[in-house]
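Start counting the sequence shown at 17; every next residue gets the next number (my numbering).
Below is one structure, written out as structure tokens; comments come after it.
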Amino acid sequence: WIVIIWATGQGVVNPPVATGQPGPSPNSLASNVLVNFGGVGGVTATPDFAGITAGLVGLLQVNVRIPTNAPTGGAVPVSISVQGV
Numbered sequence: 017w018i019v020i021i022w023a024t025g026q027g028v029v030n031p032p033v034a035t036g037q038p039g040p041s042p043n044s045l046a047s048n049v050l051v052n053f054g055g056v057g058g059v060t061a062t063p064d065f066a067g068i069t070a071g072l073v074g075l076l077q078v079n080v081r082i083p084t085n086a087p088t089g090g091a092v093p094v095s096i097s098v099q100g101v
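This is how it looks when you write it as structure tokens:
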């Protein structure tokens, strides 16, 4: 399964985008991005794409495949880290 996660506060993108300007297509985050499924002791995945949603202002889009060994259930914590933060 692939999920799309939207968030804000992503930091620098490549190519750079001026504050208040929509995201170009294509673009990507200039930093290392990881998605964790399950919290501490969970499973980490590298997104297929992480960048500003094209045509929108400041909206981070992360497309990530859920690992087959990720925890399952109705309340699995998911977190995104950008350059370790």
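C-beta atoms are modelled at their ideal positions from N, C-alpha and C, and glycine is treated no differently.
As the structure is a prediction and not an experimental result, all values here were calculated from the model.
With fewer than three CB-CB distances shorter than 8 angstroms, the segment 31–51 does not count as touching the segment 86–93. The bridge partners DSSP lists for asparagine 30 are Ser44. With a contact defined as Cβ atoms closer than 8 angstroms, leucine 76 and proline 38 miss out at about 13 angstroms. Checking the DSSP bridge columns, you'll see threonine 60 partnered with Asn52. Taken in chain order, the whole beta strand (DSSP E) runs of length 3 or more contained in the segment 70–95 are 76–81.
The secondary-structure analysis by DSSP pairs tryptophan 17 with nothing; it has no beta-bridge partner. The straight-line gap separating the alpha-carbon atoms of glycine 54 and serine 95 is approximately 8 angstroms. Going by beta carbons, glutamine 99 and glycine 25 fall outside the 8 angstroms limit.
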